[in-house]
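Asks: Could you have a look at this structure, given as structure tokens, before my questions?
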Amino acid sequence: MEKSAGSVGKVVVDNISKSYDVGRLKEPVLDRCCLTLPAGQLTVLIGPSGCGKSTLINILAGYEKPDSGSITIDGAPVGGPSSDRLVVFQETALFPWMTTFENIVYGPTVQRERLRDEIEKDAAGLLETVGLREFRNKYPSQLSGGMQRRAELARAMINQPRLMLLDEPFRGLDAMTRELMQEYFLRLYEDKGQTSLFVTSEIDEAIFLADTLLLMSARPGRVIKSMPITLPRPRVPSMLTSTEYLRYKEEALDILHEEALKAFEGGSQAAADFVEAYEERETVG
Amino acid sequence: MSLGATSTNAASNKSIPGQQVGEDWLYRAQRALTTPMPYLGIAGIAMFILFWYLTTEYFKLPRFVKLPGPVEVWTEFTNPDPIYGTSMYTFDYYKHIAWSSLRVMLAFALATGLGVPLGLYMGWKKKFKDYVFPIIEVLRPIPVLAWVPLAILMMPGREAPIIFLAFLAAFFATTLNAMLGVESIDESYFRASQCLGSTPWNVFKRVVVPGALPDIFTGLQIGVGVAWFSLVAAEMVSGEHGLGFLIWDSYVLSQYPVIVIAMVTLGLVGYVYSLLIRIVGRSLMRWTQKGQA
């Protein structure tokens with residue numbers, strides 16, 4: 001598949017707000033949030049914990065409805081959950097009763113739009129790309145955490161969705177596995193060019209992956225800055241030490257630090273990691 | 001398990017030579033038979049029989065003296081010309097086993113066929129559960145014996161009431177466990193399935209059923225057990241064949257060794273039933289066993 005798949009999947013999020021009922025009060029989670037995901041690009045969203053990133057993903061996926069505002073994908077408004085917007089979850093949601101292979105072919109099998117041979121060929125290719133060829137007949141419980149995430153990526157990718165939503169997909173993996181996963185993910189992305197929104201709270205991961213980096217404010221969440229990342233593709237880990245990269249990181253951390261402090265003062269202790277990362281940077285610099 | 005899953009399983013098994021599949025099956029059957037019967041278990045049974053022998057036949061303790069001892073029971077059971085008419089050589093013995101087995105199988109099949117779908121649907125659709133669950137919860141604690149008069153009034157003939165009683169007990173177990181099975185499925189599997197483009201039927205076939213399968217089989221195990229013991233109660237009250245009838249009839253006729261023969265037989269047959277269910281369950285749920293593929 002060539003990069004032309006990237007011509008679909010332009011997402012425009014316009015002024016969406018969402019609040020949850022907490023007792024008698026309304027707790028706003030998203031406040032007039034606007035963002036655009038350019039077709040075929042990998043956009044990474046980063047923000048302090050609890051800023052409404054997961055809520056935004058749930059709304060884009062169609063699991064929740066915004067209180068106000070609109071979302072369109074290629075000009076058409078989005079409705080409920082559908083296979084053209086796929087979510088890769090924080091926790092693995094591979095079906096434990098199906099083998100890796102059965103999990104991967106699940107989407108196209110139930111959609112019944114493609115021929116069986118074609119599906120199986122695609123699946124075999126994806127298994128190869130994510131390094132799970134020998135594990136095709138294993139059950140998820142027999143795979144390691146990293147393998148499960150890779151299988152999950154493959155299960156989403158095979159559907160050629162217009163939009164891939166990744167909600168901190170590598171959280172909870174150890175540092176080494178995480179790095180490997182980022183590379184697997186980039187390989188898949190750079191191969192297929194599907195419009196993707198990747199949510200993370202790791203600044204290095206964010207810059208390493210992104211075409212565009214969106215920074216989110218403390219709760220109630222709103223996109224406060226959109227940073228184009230012009231590091232060349234394909235990305236390689238050595239870029240993590242380039243001056244360009246460090247400049248991006250500094251700029252992003254400055255903004256995030258401010259937001260983290262706000263969240264911190266606002267009673268959310270979840271922002272502590274950002275404050276910490278910022279201070280660490282000061283001492284290194 | 002879903003149709004798609006089984007078909008791909010079959011396809012992937014083709015690469016394995018037939019003999020290996022056979023050996024694998026044999027190995028599992030052997031393990032299933034041997035694992036629940038370790039040496040300590042055998043020693044425990046031996047001690048129990050010894051206790052039984054000492055109290056009834058050796059010391060002849062006051063309240064035990066009327067009971068048949070193991071030696072008496074064994075001689076009767078292995079006697080080609082039994083004093084009371086029932087031993088391993090008589091056709092009658094097997095006829096009673098067959099009658100009871102047939103009734104349990106029927107009751108159990110009904111309880112599975114009606115209870116499992118009902119339970120699955122209750123677990124899947126909360127509204128439906130809201131309607132049905134209270135009725136079940138009120139009926140469930142009523143002991144099966146309390147149903148005997150109504151069963152006889154409601155059901156035609158001699159057989160139907162007995163099967164109904166055995167069915168009723170098993171039905172609650174199969175229904176409620178299937179329901180709990182669905183409720184224990186993590187929400188994320190439903191979400192994933194939905195977002196991958198499943199129709200409701202797909203969700204049912206590929207998420208609800210396989211996800212609930214472990215609990216369904218727990219329910220079937222419990223179900224077959226309670227089907228046996230309510231069957232025996234029903235056969236004692238109204239029946240002219242079957243192991244429960246045999247126990248009661250032998251008591252009335254003071255043929256005490258036969259009571260024990262029938263009781264031990266019940267235990268063994270019940271064990272075989274639950275073993276069969278366990279084996280079927282295991283072969284359907286290979287994904288729950290780590291280290292096997």
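So the protein sequences, as listed, match chains A and B. Following my numbering from start to finish, the first sequence increments by one per residue and tops out at 285. Following my numbering from start to finish, the second sequence increments by one per residue and tops out at 293. Note that CB positions come from ideal geometry on N, CA and C, so glycine has one too.
If distances are taken between C-alpha atoms only, which option among Gln-221/B, Ser-238/B, Val-73/B comes closest to Thr-265/B?
Replies: Ranking Gln-221/B, Ser-238/B, Val-73/B by Cα distance to Thr-265/B puts Val-73/B first.
Asks: Do Thr-175/B and Val-116/B come within 9 Å of each other at the CB atom, strictly closer than that value?
Replies: Against a cut-off of 9 Å, the Cβ pair of Thr-175/B and Val-116/B comes out as a contact.
Asks: At which residues does the beta strand (DSSP E) containing Val-224/B begin and terminate?
Replies: Run containing Val-224/B: none in the beta strand (DSSP E); it sits in the alpha helix (DSSP H), 209-237.
Asks: What do you reckon, are the CB atoms on Gly-62/A and Ser-49/A nearer than 9 Å?
Replies: Contact: no.
Asks: Are there 16 or more other CB atoms within 10 angstroms of the CB of Met-176/A, so buried, or fewer, so exposed?
Replies: Exposed: under 16 other Cβ atoms inside 10 Å.
Asks: Taking the continuous alpha helix (DSSP H) assigned at Val-258/B, which residues delimit it?
Replies: Element bounds for Val-258/B: 256-284.
Asks: DSSP on Thr-90/B, reduced to helix/strand/coil?
Replies: Note: Thr-90/B maps to coil in three-state DSSP.
Asks: How close, in whole Å, do the beta carbons of Asp-84/A and Leu-166/A come, if the pair is a contact with beta carbons under 8 Å?
Replies: In fact, because the Cβ distance is near 15 Å, the residues do not count as touching under 8 Å.
Asks: Can you give me the Cβ contacts of Asp-215/B inside the same chain, cut-off strictly under 6 Å, excluding the 5 residues immediately before and after it?
Replies: These residues qualify, in order along the chain: Asn-177, Leu-180, Gly-181.
Asks: Determine the DSSP secondary structure at Ala-76/A, reduced to helix, strand or coil.
Replies: In this structure, Ala-76/A counts as strand in the three-state DSSP scheme.
Asks: If you follow the alpha helix (DSSP H) that Met-164/A is in, where does it begin and where does it stop?
Replies: Note, Met-164/A: premise wrong, no alpha helix (DSSP H); beta strand (DSSP E) at 163-167.
Asks: Going by DSSP in three states, Asn-79/B sits in which element: helix, strand or coil?
Replies: It is coil, neither helix nor strand.
Asks: By the criterion of Cβ-Cβ separation under 7 Å, what are the contact partners of Val-87/A in chain B?
Replies: The answer, in chain order, is Cys-195.
Asks: Three-state secondary structure (DSSP) at Ser-15/B?
Replies: Confidence at Ser-15/B is low in this model, with a pLDDT of 40, below 50, so the placement of that residue should be treated as unreliable; the coordinate-derived value is given next. Coil at Ser-15/B, not helix or strand.
Asks: So that I know if they touch, is there some Cβ in chain A lying closer than 9 Å to that of Thr-288/B?
Replies: Taking Cβ atoms only, chain A reaches closer than 9 Å to Thr-288/B, which makes this a yes.
Asks: What is the DSSP secondary structure of Thr-227/A, reduced to helix, strand or coil?
Replies: The amino acid at residue 227/A is misidentified as Thr; the sequence shows Met. DSSP places Met-227/A in strand when its eight states are reduced to three.
Asks: If you count every other CB in all the chains shown that lies within 10 Å of the CB of Val-223/A, and 16 or more means buried, which is it?
Replies: Under this definition Val-223/A is a buried residue.
Asks: Leaving out five residues before and five after Gly-69/A in sequence, what residues of the same chain have Cβ atoms less than 7 Å from its Cβ?
Replies: Excluding positions up to five away in sequence, the list reads Asp-14, Asn-15, Ile-16, Ser-17.
Asks: Quick one: which residues of the segment 173-187 of chain A get their C-beta closer than 7 Å to a C-beta of chain B? List them in chain order.
Replies: Answer in chain order: no residues at all.
Asks: In chain order, what residues of the segment 197-221 of chain B put their CB closer than 8 Å to some CB of chain A?
Replies: Correct list: Gly-197, Ser-198, Thr-199, Asn-202, Arg-206, Val-207, Pro-210, Gly-211, Leu-213.
Asks: Ends of the beta strand (DSSP E) at Cys-33/A?
Replies: Counting along the chain, the beta strand (DSSP E) containing Cys-33/A begins and ends at 25-37.
Asks: If you reduce the DSSP assignment to three classes, tell me which class Val-199/A lands in.
Replies: Here Val-199/A sits in strand by DSSP.
Asks: State the beta-bridge partners of Ser-70/A as determined by DSSP.
Replies: Answer by DSSP bridge pairing, in chain order: Asp-14/A.
Asks: Which of the three DSSP states, helix, strand or coil, is assigned to Tyr-53/B?
Replies: DSSP places Tyr-53/B in helix when its eight states are reduced to three.
Asks: What ranges does the beta strand (DSSP E) occupy inside the segment 46-132 of chain A, keeping only unbroken runs of at least 3 residues that lie completely in it?
Replies: Counting only runs of 3 or more, we get 68-73, 85-88.
Asks: Whole angstroms are fine: how far does the CA of Arg-136/A sit from the CA of Ile-185/B?
Replies: If I take the Cα positions, the gap works out to 24 Å.
Asks: In this structure, how does DSSP classify Thr-199/B when only helix, strand and coil are distinguished?
Replies: The answer is coil: DSSP assigns Thr-199/B none of H, G, I, E or B.
Asks: Can you tell me where the beta strand (DSSP E) with Thr-212/A in it begins and where it stops?
Replies: Looking at the DSSP string, the run of the beta strand (DSSP E) that includes Thr-212/A is 212-216.
Asks: Against chain A, does Asp-24/B count as a neighbour if the rule is that its beta carbon must be under 9 Å from one of theirs?
Replies: Chain A, which has no Cβ nearer than 9 Å to the Cβ of Asp-24/B, makes this no.
Asks: Evaluate contact between the segment 239-253 of chain B and the segment 93-108 of chain B, counting only Cβ atoms and requiring at least three cross-stretch pairs below 8 Å.
Replies: As far as the Cβ criterion goes, the segment 239-253 of chain B touches the segment 93-108 of chain B, which means the pair count is three or higher.
Asks: Is Tyr-131/B helix, strand or coil by DSSP?
Replies: Correct three-state label for Tyr-131/B: helix.
Asks: So if DSSP puts Leu-42/A in a beta bridge, which residue, or which two residues, is it bridged to?
Replies: Paired residue(s): Ser-196/A.
Asks: Quick check on the burial criterion: 16 or more other C-beta atoms within 10 angstroms. Buried or exposed for Ser-198/B?
Replies: The residue is buried, with at least 16 neighbouring Cβ atoms inside 10 Å.
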